[in-house]
Amino acid sequence: MPGKVLISGAGPTGLVAAISLAKLNIPFRIIDKNKGPGRASRAIAVHARTLEFYQQLEVSGEIIQKGIVLDRLQIFKEGKLKAMLKLEELGKGLSPFPFVLTLPQDEHEQILVGKLNELGHRVDWETELVSFRQQDGFVAVVLSKNGRQEEERYSYLCGCDGVRSTVRKGLGLDFAGGTYQQVFYVADVQSGSSVKGVQVRFFKEGFAIALPVRATGSLRLIGLLPPFLSDKQNVGFSELATYIETKTKLRVDKENWFSTYKVHHRVSERFQKGNVFLAGDAAHVHSPAGGQGMNTGIGDAFNLSWKLADVLKGKSNPAILGSYESERKAFAESLVSTTDRMFEILVGEGLSSKMVKGVILPYVAPTLTKSDRVKHMMFKTLSQIRIHYRDSALSEGAAGSIHGGDRLPWVPAEEGDNFLPLQAMDWQFHVYGEATPELIDLAKAHAIPYHQFPWTKIAEKAGIAQNAVFLVRPDGHVAVADDGNGLDTMENYLIRLKSR
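Take 1 as the starting number for the sequence shown in the numbering used here and just add one per residue.
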């Protein structure tokens, strides 16, 4: 058997799954039917939670170096600037990466492929999953490469193969949802016009968004096709260029990439069936509002990978794999609902949509965002650091305002923050104050490292109680939160983890 895990699809979701398994020393094979990484920019937003995962994978530095930080959001109404929000202030103190980054997906994938190669692994390009079946606790697959078919067996199959997923279809799963009727355009262009941050322009015919995507003066333009083109098939950029320049007040010098599309919103009925899993667009697709899609797929991959590794290493009972679907499907469904509402407001023509675009965004939002509380709420939602798994079977307890299932709050310090130990991608104890002899003994008994941090005003502000003890999962979420007065909960949890 060439590997214990087969990953079908080498987009960002599949590549993150592969890098995670490589770091955790799990044998795997990753395949993709294409000849190599994508060449189009496609998804461009990289949010803070993704960068936190990338810090654990030791790839965040290069991603940030190649990307562009969006420092402001400008809102225009009929050509006039109505509001400006400073994006760099939204996440201050909440994450090591308190910003939104843009990086074209082709460059993004090249960095991930490079990291995978650095770890001694390669993508098997031009290799396609033809079919699979589950039997005797394994997944038997038929692959096609260079016109020849081969059969192999794996312990697990991860379908990271996109919206037309062969894996999802092979499982016979419903992909419930729908498609919006509006037709969008997306273009990457060379422009002599300077755009810093994000520009959103509302006008009678719809809206247009402009933001920088490459350090070489390339802009991403997004909007609705105008009425005079909305019913036309195979629209070319040349038919739209003058309209875009008029509505955005930007100069377009050259078209680099252009596409039109309709927006889908769908969630698979299951994310797991036996030893087969779905992640990324294979499991869920939604409106591009907020740039959440690719980041959600990366979150799926990280969540699943450490659980597969734990089971394959015998650290945890296979039953924990059931938590992948319960944790990630719940978030995907919530996200589809949220982005759908945002999308309907963006493209709608009703009274509520007009109120948001004409009054709330240009006049009310700038006042509200002067409040740190509002800014932090906006950043937590957009950046995905707000995601929690409090209802998961893997989550227990509370200490201060931190509950089992919450993302571990970031606590910076001069000698190094509390996220640095997470690069080990292992289970670990965190104590904020004094580590008791009982905790030290418990950590030794279960071969789990413990990290002691001073309890500071910053920790207190983050909601951490003095002497709080957290059992932290490999993905940086708190499994068990305890006030430190008794460790029976921790002990019982660790026993159940291996026997559940």
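All C-beta atoms, glycine included, are put in the ideal place defined by N, C-alpha and C.
query                                                                                                                                                               : result
Going along the chain, which unbroken runs of the alpha helix (DSSP H) with 4 or more residues stay wholly within the region 345–377?                               : 351–355, 365–368
If you measure between the beta carbons of L116 and A18, is that distance less than 8 Å?                                                                            : yes
Anyone know if the C-beta pair for N508 and S401 falls short of 8 Å?                                                                                                : Here the chain covers residues 1 to 500 and nothing more, so residue 508 does not appear.
With a threshold of 8 Å on Cβ separation, who are the neighbours of T456 within its own chain once the five nearest residues in sequence on each side are excluded? : V411, A413
Would you mind listing the alpha helix (DSSP H) stretches within the region 146–208 that are 4+ residues and don't spill past its ends, in chain order?             : 166–171
Report the start-end ranges of each beta strand (DSSP E) in the region 267–340 that is 3 residues or longer and not cut off at the edges.                           : 276–278
Within this structure, are the beta carbons of Q556 and P37 separated by less than 8 Å?                                                                             : Shown here, the chain extends from 1 to 500; a query on residue 556 therefore has no answer.
Is the separation between the beta-carbon of I26 and that of L312 shorter than 8 Å?                                                                                 : yes
Nearest to H388 by alpha carbon, out of K375, M377, R407?                                                                                                           : R407
Using 8 Å as the threshold, is the region 39–58 in touch with the region 325–341, meaning 3 or more CB pairs across them?                                           : no
Going straight from the alpha carbon of G14 to that of G159, what length do you get?                                                                                : 8 Å
Taking a contact to mean a Cβ-Cβ separation below 8 Å, would you say V480 touches E344 in this structure?                                                           : no
Please list the segments of the alpha helix (DSSP H) lying wholly inside the region 70–122, counting only runs of 4 or more residues, in order along the chain.     : 105–118
State whether the region 363–375 contacts the region 441–460, with contact taken as three or more CB pairs (one from each stretch) at a distance under 8 Å.         : no
Assuming D488 is part of the alpha helix (DSSP H), what are its boundary residues?                                                                                  : 488–499
Taking C-alpha atoms, which residue in W125, A48, M490, V113 lies nearest to G91?                                                                                   : A48
Any idea what DSSP makes of D32, helix, strand or coil?                                                                                                             : strand
DSSP has S20 in a bridge; who is on the other side?                                                                                                                 : S20 is not bridged to any residue.
Contact defined as beta carbons within less than 8 Å: I believe P288 pairs with I68. What is the distance between those atoms, to the nearest angstrom?             : Between I68 and P288 the Cβ distance is about 18 Å, and since that is not below 8 Å, they are no contact.
Rounded to a whole number of angstroms, what is the C-alpha to C-alpha distance between V142 and E128?                                                              : 9 Å
Just mark T216 as buried or exposed, buried being the case when its beta carbon has 16 or more other beta carbons within 10 Å.                                      : exposed
What does a CB cutoff of less than 8 Å around Y493 pick up in its chain, not counting 5 residues either side in sequence?                                           : E396, L471, A479, V480
Pairs of beta-carbons, one from the region 46–66 and one from the region 366–386, closer than 8 Å: are there three or more?                                         : yes
For Q75, does the count of other Cβ atoms within 10 angstroms reach 16, so buried, or fall short, so exposed?                                                       : It is worth fixing the name first, because residue 75 is Ile in this sequence and not Gln. Buried is the call here.
In angstroms, rounded to a whole number, what distance separates the CA positions of V186 and K247?                                                                 : 15 Å
When burial is assigned at 16 or more other CB atoms within 10 Å of the CB, is P12 buried or exposed?                                                               : buried
Quick check: what's the CA-CA separation for F99 versus G147?                                                                                                       : 46 Å
Look at the alpha carbon of Q134 and the alpha carbon of K273, and state the distance between them as a whole number of angstroms.                                  : 10 Å
To which residues does DSSP link V252 through a beta bridge?                                                                                                        : The partner list for V252 (beta bridge, DSSP) is empty, contrary to what the question assumes.
Return the chain-ordered list of same chain residues with a C-beta closer than 7 Å to the C-beta of Q491, the five sequence neighbours on each side being excluded. : Looking at the sequence itself, residue 491 is Glu, so the reference to Gln does not match. Cβ neighbours of E491 beyond the five flanking positions: L442.
Where does L94 land, buried or exposed, given buried means 16+ other C-beta within 10 angstroms?                                                                    : buried
Classify S8 as buried or exposed, calling it buried when 16 or more other Cβ atoms lie within 10 Å of its own Cβ.                                                   : buried
Could you check what DSSP says for L219 in three-state terms: helix, strand or coil?                                                                                : strand
Given a threshold of 16 other Cβ atoms within 10 Å of its Cβ, counted over all protein chains shown, does V167 qualify as buried or as exposed?                     : buried
I'd like to know whether the C-beta atoms of F429 and H451 end up nearer to each other than 8 Å.                                                                    : yes
Assuming contact is defined by CB atoms lying nearer than 8 Å, are D281 and G197 in contact in what I supplied?                                                     : no
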